[in-house]
Amino acid sequence: MTKYLIVLSFILPLLSGCATDSAKPAENAYSSDYDRFFQNVIVKEKTPYHVTYEYKDVRLDEVAYLASRYCHEQGGKSAHLHDSVLYRNFTRRATFDCAELQN
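Add 324 to a position in the sequence shown, counting from 1, and you land on the number used in our numbering.
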């Protein structure tokens with residue numbers, strides 16, 4: 325019986341140490357959504373007729389909002405996704421066409 329108590333006296337501290345591991349914040353986490361967006365989206369080309377963004381760690385619908393704002397500034401046009409392709413180093417490039425909707 326004392327053998328079991330000696331073994332348990334060594335095992336219990338190990339198990340309790342695993343259960344009480346403090347949660348540490350991720351070191352690569354962004355401080356805000358703005359920082360994440362600002363660091364991961366780049367305008368590669370823009371004309372009055374289209375805009376191309378290169379992005380990573382951001383969703384396409386978040387980039388589409390930027391494109392819609394840009395196209396609206398180009399005379400009230402709306403943005404339409406032309407293509408989205410995988411690019412170097414796991415980045416993506418999305419091109420949006422700026423076009424006026426017909427009435």
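We treat Cβ as the ideally placed atom computed from N, Cα and C, and that holds for glycine.
Straight-line Cα distance separating residue j from residue i
i: residue 353; j: residue 426; result: 44 Å
i: residue 410; j: residue 416; result: 4 Å
i: residue 366; j: residue 394; result: 14 Å
i: residue 406; j: residue 361; result: 22 Å
i: residue 420; j: residue 399; result: 15 Å
i: residue 358; j: residue 383; result: 13 Å
i: residue 389; j: residue 412; result: 23 Å
i: residue 414; j: residue 374; result: 23 Å
i: residue 378; j: residue 387; result: 9 Å
Sub-8 Å separation of residue i and residue j beta-carbons
i: residue 385; j: residue 364; result: no
i: residue 369; j: residue 401; result: no
Beta-carbon proximity list for residue i, same chain, < 6 Å, skipping 5 on both sides
i: residue 355; result: none
i: residue 392; result: 403
Under the three-state DSSP convention, the category residue i falls into
i: residue 416; result: strand
i: residue 397; result: helix
i: residue 388; result: helix
i: residue 421; result: strand
Heavy atom of the ligand HEM within 7 Å of residue i beta-carbon
i: residue 374; result: In the structure shown, the ligand HEM is absent, as is every other ligand, since no ligand is present at all.
Spatially closest choice to residue i from the options, by CA coordinates
i: residue 376; options: 418, 422, 424; result: 418
i: residue 371; options: 397, 387, 379; result: 397
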